[in-house]
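Written below as structure tokens is the structure these notes are about.
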Amino acid sequence: GAHGFEKGTQKIGATVIPISSGNTKRQITVMKDFGSTALACTPSYSLYMAEVAEGMGFNPKEDFKLKIGCFGAEAWSEEMRKNIEDTWGITAHEHYGLTEIIGPGVVSECKEKKLHINADHFLAEIIDPETGETLEPGEEGELVFTTLTKEAFPAIRFRTRDLAVYYEEKCECGRTLPIQSRIKGRSDDMMKVKGVIVFPSQIESAILNINGLSGNYQIIKTKRGSITSLSVEVEPTEERYKEGNLDDLAKKAEDEIYAILNLHIPVRIVPPQSIPRSTGKAKRVVEK
Numbered sequence: 098g099a100h101g102f103e104k105g106t107q108k109i110g111a112t113v114i115p116i117s118s119g120n121t122k123r124q125i126t127v128m129k130d131f132g133s134t135a136l137a138c139t140p141s142y143s144l145y146m147a148e149v150a151e152g153m154g155f156n157p158k159e160d161f162k163l164k165i166g167c168f169g170a171e172a173w174s175e176e177m178r179k180n181i182e183d184t185w186g187i188t189a190h191e192h193y194g195l196t197e198i199i200g201p202g203v204v205s206e207c208k209e210k211k212l213h214i215n216a217d218h219f220l221a222e223i224i225d226p227e228t229g230e231t232l233e234p235g236e237e238g239e240l241v242f243t244t245l246t247k248e249a250f251p252a253i254r255f256r257t258r259d260l261a262v263y264y265e266e267k268c269e270c271g272r273t274l275p276i277q278s279r280i281k282g283r284s285d286d287m288m289k290v291k292g293v294i295v296f297p298s299q300i301e302s303a304i305l306n307i308n309g310l311s312g313n314y315q316i317i318k319t320k321r322g323s324i325t326s327l328s329v330e331v332e333p334t335e336e337r338y339k340e341g342n343l344d345d346l347a348k349k350a351e352d353e354i355y356a357i358l359n360l361h362i363p364v365r366i367v368p369p370q371s372i373p374r375s376t377g378k379a380k381r382v383v384e385k
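The working numbering runs 97 ahead of the 1-based position in the sequence shown.
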């Protein structure tokens, strides 16, 4: 859970309203009634909350007092960040943590949008996910953390399965804490299709580059013998859906995916609200 958010917020004297996942309408009502100024959840759930708020007759950008959002727990793209900021009218911050280590608080984003590892408390390494070999700063690999101050249940060289790049350089914000790139994806989320390595975050970036498409999508993974194939189902915005000509929209999405991956992946436009929503981490890949 997000105890790091809760304890840190209390420490600076702010009021915390912890609400468990589910019953989104109640969450919207509480956020409205209390005039909440910050939201902490998964990025995909924040967009779902906006959908629910609109269904309740609210304008997410105008009818709430939100100023910032603190998001994590799943890989998300810069395109999704912009989508969230435009939808809610807020500044979206990224945080990274693991329940097995401490939850939120392992890595936090500065004003320069760089992710700083709290090195006083965590020793970070990058390893080759296949061989376990330690890699040099600047190389992409799997993040490994050792806790330095955690009591009772320390973690020693804990493998996260999260793929990123680790840098040891001074940030423009003035901090000298090491920097971690955004999570590219999990090593167990990585898919190989026709010799091309594919991460869900790459497909997300392509989809959110297309005007008229929402951030709600699913990747359909089909495996026949040793052959893996992918297709994508994505929802358009309500306005774009009413316009029709959805085949043209699908073609634009396919072209954008091809430009990023050099791989043709079929895209099917489905009606708005037809892809299942999650109150936790979004399920982006479905195997059939």
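Quick reminder that beta carbons are idealized off the backbone N, C-alpha and C, glycines included. Since we're looking at a predicted model, the values are computed, not measured.
Legend entry - For SER371 and LYS385, the rounded distance between their alpha carbons: 18 Å
Legend entry - CB contact below 9 Å: PRO369 versus chain C: Although the question refers to chain C, the structure presented lacks it and comprises just one protein chain.
Inset, instruction - Would you kindly work out how many angstroms separate the C-alpha atoms of VAL127 and ARG381, rounded to a whole number? - result: 29 Å
Inset, instruction - Under 8 Å Cβ to Cβ from ASN306, same chain only, skipping five residues before and after it: list those, please. - result: GLU176 and GLU353
Legend entry - DSSP state of LYS158 mapped onto helix, strand, coil: Shown here, LYS158 sits in coil according to DSSP, grouped into three states, outside any helix or strand.
Legend entry - Own chain, CB closer than 8 Å to GLN277, minus 5 neighbours either side, in chain order: TYR193, VAL204, LEU212, HIS213, ILE214, ALA221, LEU240, ALA261, VAL262, TYR263 and TYR264
Inset, instruction - Determine the direct distance from the alpha carbon of SER298 to that of THR334, and round the result to whole angstroms. - result: The C-alpha of THR334 lies about 20 Å from the C-alpha of SER298.
Inset, instruction - Mind the definition here: the region 282-293 touches the region 344-351 only if three or more C-beta pairs lie below 8 Å; say whether that holds. - result: no
Inset, instruction - Helix, strand or coil for THR126, going by three-state DSSP, please let me know. - result: helix
Legend entry - With 16 other Cβ atoms within 10 Å as the buried cut-off, status of ASP259: buried
Inset, instruction - Drop a sphere of 10 angstroms on the beta-carbon of SER141, count the other beta-carbons inside from all chains shown, and report buried for 16 or more, exposed for fewer. - result: buried
Inset, instruction - Please work out which residues of its chain come closer than 6 Å, Cβ to Cβ, to GLY132, disregarding the five sequence neighbours upstream and downstream, and give them in chain order. - result: LYS162
Inset, instruction - Would you list the one or two residues that DSSP bridges to ILE224? - result: THR231 and GLU239
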